[in-house]
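S.K.: Protein chains in written order, with this note's numbering: chain R, 145 to 261; chain W, 2 to 111.
One structure coming up, written as structure tokens, with questions to follow.
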Amino acid sequence: DTAVSQTPKYLVTQMGNDKSIKCEQNLGHDTMYWYKQDSKKFLKIMFSYNNKELIINETVPNRFSPKSPDKAHLNLHINSLELGDSAVYFCASSQRAGGGHLLYEQYFGPGTRLTVT
Amino acid sequence: QKEVEQDPGPLSVPEGAIVSLNCTYSNSAFQYFMWYRQYSRKGPELLMYTYSSGNKEDGRFTAQVDKSSKYISLFIRDSQPSDSATYLCAMSIVNNDMRFGAGTRLTVKP
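Structure, rendered in structure tokens:
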């Protein structure tokens, strides 16, 4: 069984379009994330959601908006797509960070390769 | 200056070699240090993690953290072709808020 799944795996679209990427986790985690990995493999966090609250937003353009219908899903909506949005987008999930030094491992999905033409 | 610096490589070694992967960082507040492995067209997976300074060993893998030098390393002993992947270092101040390096692409040749 897939722990973190994303759809679609590949997405090719034209500039100016609006698109969505879906993410689902079946691990019972309460925190989900979206990352962007550019062509140089640099992985940068975009958002995280915990109990439907946005807790990290790393200077991402407001054309990007996360939507979480429930704890197991965090979808990414992108409006007015631009060439620079072309990248691989990864969804991840983990348990919420707590006290102590136990690392709450993030489990990543397989990625969605977005190409904007 | 980026918060986390990592040489992207590529790095190519023969099977059985010892591999050394490194990252430097600028933020002295980082406390959690992690290494992720990412196979081609897959998501990253956690390989090792260390809290604060010190060494940690797991099978053929050893992670080292030197906070005084702001330098972390991952050593792979007896490298195998199946170790061929991109290795990403990551670190955070509080758990879950990670900053990643650019990743080093490793190829182990049979």
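All C-beta atoms in this analysis are idealised placements derived from N, C-alpha and C, irrespective of residue type, glycine included.
I'd like to know whether the C-beta of R:PRO205 is nearer than 7 Å to at least one C-beta of chain W.
M.R.: By this cut-off, R:PRO205 is not an interface position.
S.K.: Applying the 10 Å Cβ sphere with the 16-neighbour rule, what's the burial state of R:THR175?
M.R.: With 16 or more other Cβ atoms within 10 Å, it is buried.
S.K.: Tell me the DSSP secondary structure of W:LEU12 in three-state form.
M.R.: In the structure shown, W:LEU12 sits in a strand (DSSP, three-state: E or B).
S.K.: Kindly examine the ligand MN and report whether one of its heavy atoms sits closer than 6 Å to the Cβ of R:ALA236.
M.R.: The model on display carries no ligand, and the ligand MN is accordingly not part of it.
S.K.: Give me whichever residues DSSP pairs with R:HIS217 in a beta bridge.
M.R.: DSSP lists R:GLU168 and R:ASP214 as partners of R:HIS217.
S.K.: Quick one: what's got a C-beta closer than 6 Å to W:GLU6's C-beta in the same chain, skipping five residues either side?
M.R.: Only THR25 meet the Cβ criterion.
S.K.: Looking at the C-beta of R:LYS211, does it have a partner C-beta in chain W at a distance below 7 Å?
M.R.: No, its Cβ sits nowhere closer than 7 Å to a Cβ of chain W.
S.K.: Taking the beta strand (DSSP E) that R:GLN181 falls in, what are its first and last residues?
M.R.: Taken as a continuous stretch (DSSP letters only), the beta strand (DSSP E) holding R:GLN181 covers 175 to 181.
S.K.: W:VAL66 lies in the beta strand (DSSP E); which residues open and close that run?
M.R.: 62 to 67 is the extent of the beta strand (DSSP E) around W:VAL66.
S.K.: On the three-pair Cβ rule with 8 Å, is the segment 218 to 229 of chain R touching the segment 157 to 166 of chain R?
M.R.: Because the criterion of three Cβ pairs below 8 Å is met, the segment 218 to 229 of chain R and the segment 157 to 166 of chain R touch.
S.K.: Give me the Cα-Cα distance between R:PRO205 and W:ILE94, rounded to the nearest whole angstrom.
M.R.: For R:PRO205 and W:ILE94, the distance between alpha carbons rounds to 24 Å.
S.K.: Quick one: what's got a C-beta closer than 7 Å to R:HIS173's C-beta in the same chain, skipping five residues either side?
M.R.: Cβ neighbours of R:HIS173 beyond the five flanking positions: SER237, SER238 and GLN239.
S.K.: Please classify W:ILE19 as buried or exposed, where buried requires at least 16 other C-beta atoms within 10 Å of its C-beta.
M.R.: With fewer than 16 Cβ atoms within 10 Å of its Cβ, W:ILE19 is classed as exposed.
S.K.: So which residues of chain W does R:LEU187 contact, with C-beta pairs closer than 9 Å?
M.R.: TYR37, GLN39, PRO45, LEU89, ALA91, MET99, PHE101, GLY102, ALA103 and GLY104, listed in chain order.
S.K.: Excluding the five sequence neighbours on either side, which residues of its own chain have a C-beta within less than 7 Å of the C-beta of R:ALA147, listed in chain order?
M.R.: If we look at R:ALA147 and ignore the five residues flanking it on each side, its Cβ neighbours are GLN169, ASN170, LEU171 and TYR251.
S.K.: 7 Å is my cut-off, CB to CB: does R:GLU249 come that close to chain W?
M.R.: Yes, R:GLU249 lies at the interface with chain W (some Cβ there is under 7 Å from its Cβ).
S.K.: Taking W:ASP98 as the reference, which of W:VAL14, W:PHE34, W:LEU22 and W:SER27 has the closest Cα?
M.R.: That would be W:PHE34, whose Cα lies nearest to the Cα of W:ASP98.
S.K.: Give the range of the beta strand (DSSP E) segment to which W:MET49 is assigned.
M.R.: Per DSSP, W:MET49 belongs to the beta strand (DSSP E) from 46 to 52.
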